[in-house]
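Asks: Before I ask anything, let me first share the structure, which is written out below as C-alpha coordinates.
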(Lines of atoms letter the chains of each structure in order from A; the text may use other names.)
(Lines give C-alpha, C1' and ligand atoms only; values in the text may rest on other atoms or scores of the structure.)
Protein backbone atom coordinates (compact mmCIF):
# COMPACT_ATOMS: atom_id res chain seq x y z
CA UNK A 1 0.00 0.00 0.00
CA UNK A 2 1.71 3.23 0.80
CA UNK A 3 4.86 4.66 1.92
CA UNK A 4 7.51 7.09 2.77
CA UNK A 5 6.81 10.79 2.52
CA UNK A 6 10.34 11.20 3.79
CA UNK A 7 12.85 8.85 2.30
CA UNK A 8 14.44 6.94 5.17
CA UNK A 9 17.14 4.46 4.31
CA UNK A 10 18.40 1.72 6.55
CA UNK A 11 22.12 1.72 7.19
CA UNK A 12 24.30 -0.85 5.55
CA UNK A 13 21.75 -2.82 3.53
CA UNK A 14 23.14 -6.21 2.61
CA UNK A 15 23.63 -7.24 -0.98
CA UNK A 16 25.58 -9.86 -2.87
CA UNK A 17 28.27 -8.50 -5.16
CA UNK A 18 29.79 -11.82 -6.05
CA UNK A 19 28.42 -15.30 -5.73
CA UNK A 20 28.52 -16.53 -2.16
CA UNK A 21 29.59 -13.39 -0.32
CA UNK A 22 27.92 -10.48 1.46
CA UNK A 23 29.03 -6.88 1.48
CA UNK A 24 27.61 -3.82 3.22
CA UNK A 25 25.84 -1.43 0.94
CA UNK A 26 23.88 1.72 1.74
CA UNK A 27 21.42 1.50 -1.14
CA UNK A 28 18.01 -0.15 -0.88
CA UNK A 29 17.36 -0.21 -4.61
CA UNK A 30 16.92 -3.30 -6.77
CA UNK A 31 19.78 -4.27 -9.01
CA UNK A 32 17.46 -4.66 -12.00
CA UNK A 33 15.72 -1.61 -13.41
CA UNK A 34 11.94 -1.83 -12.96
CA UNK A 35 9.98 -2.00 -16.21
CA UNK A 36 7.38 0.62 -17.01
CA UNK A 37 4.44 -1.77 -16.73
CA UNK A 38 5.69 -3.91 -13.85
CA UNK A 39 3.93 -6.97 -12.52
CA UNK A 40 1.62 -8.76 -14.96
CA UNK A 41 0.69 -11.67 -12.69
CA UNK A 42 0.10 -11.53 -8.95
CA UNK A 43 0.71 -14.94 -7.44
CA UNK A 44 -1.62 -15.26 -4.44
CA UNK A 45 -0.11 -18.33 -2.84
CA UNK A 46 1.30 -18.11 0.67
CA UNK A 47 4.63 -19.63 1.75
CA UNK A 48 4.76 -23.44 1.55
CA UNK A 49 2.02 -23.66 -1.08
CA UNK A 50 4.32 -24.63 -3.94
CA UNK A 51 5.68 -21.16 -4.67
CA UNK A 52 9.04 -22.41 -5.97
CA UNK A 53 7.33 -24.84 -8.34
CA UNK A 54 5.05 -22.09 -9.59
CA UNK A 55 7.94 -19.65 -10.04
CA UNK A 56 9.71 -22.27 -12.14
CA UNK A 57 6.53 -22.85 -14.16
CA UNK A 58 6.19 -19.13 -14.87
CA UNK A 59 9.79 -19.02 -16.08
CA UNK A 60 9.17 -21.96 -18.42
CA UNK A 61 6.25 -19.98 -19.86
CA UNK A 62 8.60 -17.08 -20.58
CA UNK A 63 7.88 -14.81 -17.64
CA UNK A 64 10.49 -13.19 -15.44
CA UNK A 65 9.48 -14.60 -12.05
CA UNK A 66 10.72 -13.62 -8.62
CA UNK A 67 11.24 -16.06 -5.74
CA UNK A 68 13.31 -15.24 -2.65
CA UNK A 69 15.12 -18.60 -2.64
CA UNK A 70 16.31 -17.94 -6.19
CA UNK A 71 18.95 -15.68 -4.63
CA UNK A 72 18.05 -14.82 -1.06
CA UNK A 73 21.25 -12.84 -0.44
CA UNK A 74 20.32 -10.27 -3.07
CA UNK A 75 16.86 -9.65 -1.65
CA UNK A 76 16.36 -6.00 -0.57
CA UNK A 77 15.53 -7.12 2.97
CA UNK A 78 15.70 -3.62 4.39
CA UNK A 79 13.05 -2.45 1.94
CA UNK A 80 10.92 -5.51 2.71
CA UNK A 81 11.21 -4.70 6.41
CA UNK A 82 9.92 -1.21 5.63
CA UNK A 83 7.10 -2.72 3.56
CA UNK A 84 5.98 -4.81 6.52
CA UNK A 85 5.99 -1.75 8.79
CA UNK A 86 4.01 0.21 6.20
CA UNK A 87 1.44 -2.57 5.74
CA UNK A 88 0.85 -3.67 9.35
CA UNK A 89 0.38 -0.63 11.67
CA UNK A 90 0.58 -2.59 14.94
CA UNK A 91 4.27 -3.32 14.32
CA UNK A 92 4.93 0.23 15.53
CA UNK A 93 4.57 -1.08 19.09
CA UNK A 94 7.00 -3.98 18.65
CA UNK A 95 10.81 -3.85 19.03
CA UNK A 96 13.21 -2.73 16.29
CA UNK A 97 10.79 -0.44 14.45
CA UNK A 98 12.88 1.49 11.91
CA UNK A 99 10.80 4.70 11.61
CA UNK A 100 10.30 7.44 14.20
CA UNK A 101 6.52 7.43 13.72
CA UNK A 102 3.96 5.18 12.06
CA UNK A 103 5.29 4.42 8.59
CA UNK A 104 2.75 5.47 5.93
CA UNK A 105 1.46 2.87 3.44
CA UNK A 106 3.64 2.15 0.44
CA UNK A 107 2.86 3.90 -2.84
CA UNK A 108 2.75 2.10 -6.16
CA UNK A 109 6.19 3.49 -6.93
CA UNK A 110 7.61 1.84 -3.84
CA UNK A 111 6.05 -1.53 -4.61
CA UNK A 112 7.39 -1.04 -8.12
CA UNK A 113 10.90 -0.51 -6.74
CA UNK A 114 10.67 -3.95 -5.13
CA UNK A 115 9.19 -6.08 -7.92
CA UNK A 116 8.72 -3.84 -10.94
CA UNK A 117 11.58 -5.60 -12.71
CA UNK A 118 9.56 -8.84 -12.74
CA UNK A 119 6.48 -10.06 -14.59
CA UNK A 120 5.36 -12.08 -11.58
CA UNK A 121 6.39 -12.10 -7.92
CA UNK A 122 5.87 -15.14 -5.69
CA UNK A 123 6.87 -16.26 -2.20
CA UNK A 124 7.72 -13.26 0.00
CA UNK A 125 5.54 -11.02 -2.17
CA UNK A 126 2.48 -13.09 -1.28
CA UNK A 127 2.21 -11.39 2.11
CA UNK A 128 1.49 -8.15 0.27
CA UNK A 129 -0.97 -9.58 -2.27
CA UNK A 130 -3.81 -7.21 -1.36
CA UNK A 131 -1.50 -4.20 -1.64
CA UNK A 132 -0.19 -5.40 -5.02
CA UNK A 133 -3.75 -5.89 -6.30
CA UNK A 134 -4.36 -2.19 -5.59
CA UNK A 135 -1.03 -1.15 -7.09
CA UNK A 136 -1.50 -3.25 -10.25
CA UNK A 137 -5.26 -3.28 -10.93
CA UNK A 138 -4.89 -4.83 -14.39
CA UNK A 139 -2.70 -7.76 -13.31
CA UNK A 140 -4.07 -11.29 -13.45
CA UNK A 141 -4.20 -13.15 -10.14
CA UNK A 142 -3.37 -16.83 -9.68
CA UNK A 143 -4.66 -18.22 -6.38
CA UNK A 144 -3.04 -21.32 -4.88
CA UNK A 145 -4.46 -22.44 -1.54
CA UNK A 146 -3.69 -25.68 0.27
CA UNK A 147 -5.99 -27.11 2.91
CA UNK A 148 -4.99 -25.61 6.23
CA UNK A 149 -4.45 -29.04 7.79
CA UNK A 150 -1.91 -29.90 5.07
CA UNK A 151 -0.26 -26.49 4.99
CA UNK A 152 0.13 -25.66 8.69
CA UNK A 153 2.61 -28.40 9.77
CA UNK A 154 4.96 -27.52 6.92
CA UNK A 155 4.73 -23.77 7.46
CA UNK A 156 5.10 -24.08 11.24
CA UNK A 157 8.14 -26.35 11.18
CA UNK A 158 9.98 -24.89 8.21
CA UNK A 159 9.14 -21.20 8.28
CA UNK A 160 8.13 -20.09 11.77
CA UNK A 161 10.70 -22.13 13.67
CA UNK A 162 13.46 -21.24 11.21
CA UNK A 163 12.77 -17.51 11.59
CA UNK A 164 11.79 -17.13 15.24
CA UNK A 165 14.04 -19.78 16.79
CA UNK A 166 17.32 -18.97 15.08
CA UNK A 167 20.31 -19.68 17.31
CA UNK A 168 22.16 -16.88 19.09
CA UNK A 169 25.13 -17.45 16.74
CA UNK A 170 22.95 -17.13 13.63
CA UNK A 171 21.42 -13.92 14.97
CA UNK A 172 24.79 -12.47 15.97
CA UNK A 173 26.40 -13.18 12.60
CA UNK A 174 23.42 -11.95 10.58
CA UNK A 175 22.58 -8.86 12.57
CA UNK A 176 25.91 -7.67 13.98
CA UNK A 177 28.52 -8.96 11.54
CA UNK A 178 26.89 -9.06 8.10
CA UNK A 179 24.10 -6.53 8.68
CA UNK A 180 21.86 -9.06 6.91
CA UNK A 181 18.28 -8.06 7.70
CA UNK A 182 16.41 -11.13 6.42
CA UNK A 183 15.49 -12.29 9.94
CA UNK A 184 14.34 -8.77 10.88
CA UNK A 185 12.17 -8.53 7.77
CA UNK A 186 10.65 -12.00 7.98
CA UNK A 187 9.73 -11.85 11.65
CA UNK A 188 7.97 -8.51 11.02
CA UNK A 189 6.22 -9.96 7.98
CA UNK A 190 4.92 -12.93 9.97
CA UNK A 191 3.99 -10.93 13.08
CA UNK A 192 2.18 -8.49 10.81
CA UNK A 193 0.36 -11.05 8.70
CA UNK A 194 -0.87 -13.01 11.73
CA UNK A 195 -1.59 -9.85 13.79
CA UNK A 196 0.43 -10.92 16.83
CA UNK A 197 2.25 -8.65 19.27
CA UNK A 198 5.49 -10.55 19.81
CA UNK A 199 8.17 -12.18 17.72
CA UNK A 200 7.72 -15.78 18.86
CA UNK A 201 6.49 -19.07 17.47
CA UNK A 202 4.16 -19.52 20.45
CA UNK A 203 2.28 -16.31 19.64
CA UNK A 204 1.07 -17.75 16.33
CA UNK A 205 -1.25 -20.49 17.54
CA UNK A 206 -3.01 -22.87 15.13
CA UNK A 207 -6.29 -20.99 15.63
CA UNK A 208 -4.69 -17.62 14.92
CA UNK A 209 -2.91 -19.07 11.91
CA UNK A 210 -6.10 -20.63 10.51
CA UNK A 211 -8.10 -17.42 10.89
CA UNK A 212 -5.41 -15.30 9.22
CA UNK A 213 -4.76 -17.84 6.46
CA UNK A 214 -8.42 -18.24 5.52
CA UNK A 215 -9.16 -14.52 5.86
CA UNK A 216 -6.26 -13.75 3.51
CA UNK A 217 -7.64 -15.92 0.71
CA UNK A 218 -11.18 -14.69 1.31
CA UNK A 219 -10.09 -11.06 0.97
CA UNK A 220 -8.11 -11.83 -2.19
CA UNK A 221 -11.17 -13.42 -3.80
CA UNK A 222 -13.33 -10.48 -2.75
CA UNK A 223 -10.84 -8.01 -4.24
CA UNK A 224 -10.50 -9.59 -7.69
CA UNK A 225 -13.31 -10.25 -10.20
CA UNK A 226 -13.68 -13.86 -11.36
CA UNK A 227 -12.56 -13.13 -14.91
CA UNK A 228 -9.20 -11.85 -13.63
CA UNK A 229 -8.36 -14.69 -11.26
CA UNK A 230 -7.56 -18.38 -11.52
CA UNK A 231 -8.15 -20.93 -8.77
CA UNK A 232 -5.23 -23.29 -9.24
CA UNK A 233 -3.92 -26.44 -7.55
CA UNK A 234 -0.46 -27.83 -8.22
CA UNK A 235 -1.91 -31.12 -9.40
CA UNK A 236 -3.84 -29.36 -12.17
CA UNK A 237 -0.84 -29.33 -14.53
CA UNK A 238 -0.22 -26.91 -17.38
CA UNK A 239 -3.60 -26.71 -19.11
CA UNK A 240 -5.63 -24.41 -16.83
CA UNK A 241 -2.65 -22.14 -16.13
CA UNK A 242 -1.75 -21.79 -19.81
CA UNK A 243 -5.36 -21.20 -20.83
CA UNK A 244 -5.71 -18.46 -18.22
CA UNK A 245 -2.46 -16.77 -19.26
CA UNK A 246 -2.93 -17.26 -23.00
CA UNK A 247 0.16 -19.43 -23.38
CA UNK A 248 0.83 -22.63 -25.31
CA UNK A 249 1.22 -25.76 -23.21
CA UNK A 250 4.96 -26.58 -22.89
CA UNK A 251 6.25 -29.98 -23.94
CA UNK A 252 7.75 -30.62 -20.48
CA UNK A 253 6.39 -31.93 -17.21
CA UNK A 254 5.06 -29.41 -14.74
CA UNK A 255 7.90 -28.64 -12.29
CA UNK A 256 7.94 -29.87 -8.73
CA UNK A 257 10.70 -28.25 -6.67
CA UNK A 258 11.49 -27.14 -3.13
CA UNK A 259 9.78 -29.93 -1.27
CA UNK A 260 10.57 -30.40 2.42
CA UNK A 261 13.97 -31.97 1.73
CA UNK A 262 15.02 -29.28 -0.74
CA UNK A 263 13.85 -26.53 1.60
CA UNK A 264 15.95 -27.92 4.46
CA UNK A 265 18.94 -28.17 2.12
CA UNK A 266 18.48 -24.53 1.06
CA UNK A 267 18.38 -23.39 4.68
CA UNK A 268 21.56 -25.35 5.47
CA UNK A 269 23.25 -23.85 2.41
CA UNK A 270 22.30 -20.32 3.47
CA UNK A 271 23.52 -20.85 7.04
CA UNK A 272 26.82 -22.25 5.76
CA UNK A 273 27.20 -19.20 3.52
CA UNK A 274 26.51 -16.87 6.46
CA UNK A 275 29.25 -18.57 8.49
CA UNK A 276 31.75 -18.43 5.60
CA UNK A 277 31.11 -14.78 4.90
CA UNK A 278 31.23 -13.91 8.59
CA UNK A 279 34.66 -15.51 8.79
CA UNK A 280 35.67 -13.34 5.83
CA UNK A 281 34.49 -10.21 7.64
CA UNK A 282 35.95 -11.15 11.03
CA UNK A 283 39.16 -12.66 9.66
CA UNK A 284 41.35 -9.52 9.87
CA UNK A 285 40.15 -8.80 13.41
CA UNK A 286 40.79 -12.37 14.50
CA UNK A 287 44.28 -12.19 13.00
CA UNK A 288 45.02 -9.03 14.98
CA UNK A 289 43.69 -10.68 18.13
CA UNK A 290 45.93 -13.70 17.61
CA UNK A 291 48.97 -11.43 17.14
CA UNK A 292 48.14 -9.51 20.32
CA UNK A 293 47.75 -12.73 22.31
CA UNK A 294 51.04 -14.10 20.95
CA UNK A 295 52.90 -10.87 21.73
CA UNK A 296 51.42 -10.76 25.21
CA UNK A 297 52.46 -14.34 25.87
CA UNK A 298 55.92 -13.70 24.40
CA UNK A 299 56.47 -10.61 26.56
CA UNK A 300 55.32 -12.56 29.60
CA UNK A 301 57.86 -15.26 28.90
CA UNK A 302 60.64 -12.66 28.47
CA UNK A 303 59.83 -11.06 31.81
CA UNK A 304 60.53 -14.36 33.52
CA UNK A 305 64.07 -14.58 32.10
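Residue numbers (this note's numbering): 1 to 305.
Backbone N, C-alpha and C fix where the C-beta goes; we use that ideal spot for every residue, glycine too.
Kindly identify the DSSP beta-bridge partner or partners of residue 142.
Replies: Residue 142 sits at position 142 when you count from the first residue of the chain shown. Paired residues: 43 and 230.
Asks: For a test of the three-state rule: what should DSSP assign to residue 191, helix, strand or coil?
Replies: Along the chain shown, one-based indexing puts residue 191 at 191. In the structure shown, residue 191 sits in a helix (DSSP, three-state: H, G or I).
Asks: Which residue from 236, 238, 55 and 150 puts its Cα closest to that of residue 69?
Replies: Position 69 of the chain shown, counted from the first residue, corresponds to residue 69. Taking only the C-alpha atoms, the option nearest residue 69 is 55.
Asks: Tell me the residue span of the alpha helix (DSSP H) that contains residue 220.
Replies: The count along the chain shown starts at 1 and reaches residue 220 at position 220. 206-223 is the extent of the alpha helix (DSSP H) around residue 220.
Asks: Taking residue 184 and residue 122 to be in contact with their CB atoms under 8 angstroms, please state how far apart those CB atoms are, rounded to whole angstroms.
Replies: On the chain shown, residue 184 is found 184 positions in, with the first residue counted as 1. On the chain shown, residue 122 is found 122 positions in, with the first residue counted as 1. In fact, because the Cβ distance is near 21 angstroms, the residues do not count as touching under 8 angstroms.
Asks: Roughly how many whole angstroms lie between the Cα atoms of residue 89 and residue 245?
Replies: Numbered from its first residue, the chain shown carries residue 89 at position 89. Numbered from its first residue, the chain shown carries residue 245 at position 245. Roughly 35 angstroms between the two C-alpha positions.
Asks: Which word fits residue 137, buried or exposed, when buried means at least 16 other C-beta atoms lie within 10 angstroms of its C-beta?
Replies: By one-based count along the chain shown, residue 137 stands at place 137. Residue 137 comes out exposed.
Asks: Can you tell which of 116, 207 and 186 has the C-alpha that lies nearest to the C-alpha of residue 139?
Replies: Against the chain shown, residue 139 aligns to sequence position 139. Closest option to residue 139, Cα to Cα, is 116.
Asks: Between the beta-carbon of residue 192 and the beta-carbon of residue 125, is there less than 7 angstroms?
Replies: If you number the chain shown from 1, residue 192 lands on position 192. If you number the chain shown from 1, residue 125 lands on position 125. No, the pair does not count as a contact, with Cβ atoms beyond the cut-off.
Asks: Out of 151, 93 and 110, which one is the CA nearest neighbour of residue 102?
Replies: The residue you call residue 102 lines up with position 102 of the chain shown. Looking at the Cα atoms, 93 is the closest of the given residues.
Asks: Which class does residue 306 belong to by DSSP, given the choice of helix, strand or coil?
Replies: Since the displayed the chain opens at 1 and closes at 305, residue 306 lies outside it and no answer follows.
Asks: Return the first residue and the last residue of the alpha helix (DSSP H) that residue 54 is part of.
Replies: In the chain shown, the residue the question calls residue 54 occupies position 54. Taken as a continuous stretch (DSSP letters only), the alpha helix (DSSP H) holding residue 54 covers 51-60.
Asks: Spatial neighbours of residue 254 within its chain, please: CB distance less than 8 angstroms, with the 5 preceding and 5 following residues excluded, ordered by chain position.
Replies: Mapped onto the chain shown, residue 254 falls at position 254. The answer, listed in chain order, is 53, 57, 234, 237 and 238.
Asks: Check each candidate in 105, 128 and 241 and name the one with the smallest Cα separation from residue 63.
Replies: By 1-based counting over the chain shown, the position of residue 63 is 63. With distances taken between Cα atoms, residue 63 lies closest to 241.
Asks: Give the DSSP bridge partners of residue 166, in chain order.
Replies: Taking the first residue of the chain shown as position 1, residue 166 is located at position 166. Per DSSP, none; premise fails for residue 166.
Asks: Keeping to the same chain, check which residues put their C-beta closer than 7 angstroms to that of residue 164; ignore five residues upstream and five downstream.
Replies: One-based indexing of the chain shown puts residue 164 at position 164. The residues are 187, 199, 200 and 201.
Asks: Have a look at residue 146 and residue 166 and give me their C-alpha separation to the nearest angstrom.
Replies: Counting from one through the chain shown, the residue named residue 146 turns up at place 146. Counting from one through the chain shown, the residue named residue 166 turns up at place 166. Residue 146 and residue 166: Cα-Cα distance of roughly 27 angstroms.
Asks: Check this for me: beta carbons of residue 219 and residue 132, under 7 angstroms apart or not?
Replies: Position 219 of the chain shown, counted from the first residue, corresponds to residue 219. Position 132 of the chain shown, counted from the first residue, corresponds to residue 132. No, the pair does not count as a contact, with Cβ atoms beyond the cut-off.
Asks: May I ask which residues mark the beginning and end of the alpha helix (DSSP H) holding residue 129?
Replies: Position 129 of the chain shown, counting from 1, holds the residue named residue 129. Looking at the DSSP string, the run of the alpha helix (DSSP H) that includes residue 129 is 129-135.
Asks: Between residue 318 and residue 215, what straight-line distance do the alpha-carbon atoms span, to the nearest angstrom?
Replies: Given that the chain is displayed from residue 1 to residue 305, the structure contains no residue 318 and the question cannot be resolved.
Asks: From the DSSP secondary-structure annotation, give me the bridge partner or partners of residue 184.
Replies: As a first step, residue 184 must be located in the chain shown, where it is residue number 184. Note: residue 184 sits in no beta bridge, so no partner.
Asks: If you drop the 5 nearest sequence neighbours on each side, which residues of the same chain put their C-beta closer than 8 angstroms to that of residue 59?
Replies: In the chain shown, residue 59 corresponds to position 59, counting from 1. If we look at residue 59 and ignore the five residues flanking it on each side, its Cβ neighbours are 65.
Asks: Residue 82 to residue 40, Cα distance in whole Å?
Replies: Taking the first residue of the chain shown as 1, we reach residue 82 at position 82. Taking the first residue of the chain shown as 1, we reach residue 40 at position 40. Approximately 23 angstroms between the Cα atoms of the pair.
Asks: With DSSP as the reference, label residue 320 as helix, strand or coil.
Replies: Since the first and last residues shown for the chain are 1 and 305, residue 320 lies out of range.
Asks: Nearest to residue 96 by alpha carbon, out of 78, 204, 207 and 119?
Replies: On the chain shown, position 96 is the one that residue 96 refers to. Closest option to residue 96, Cα to Cα, is 78.
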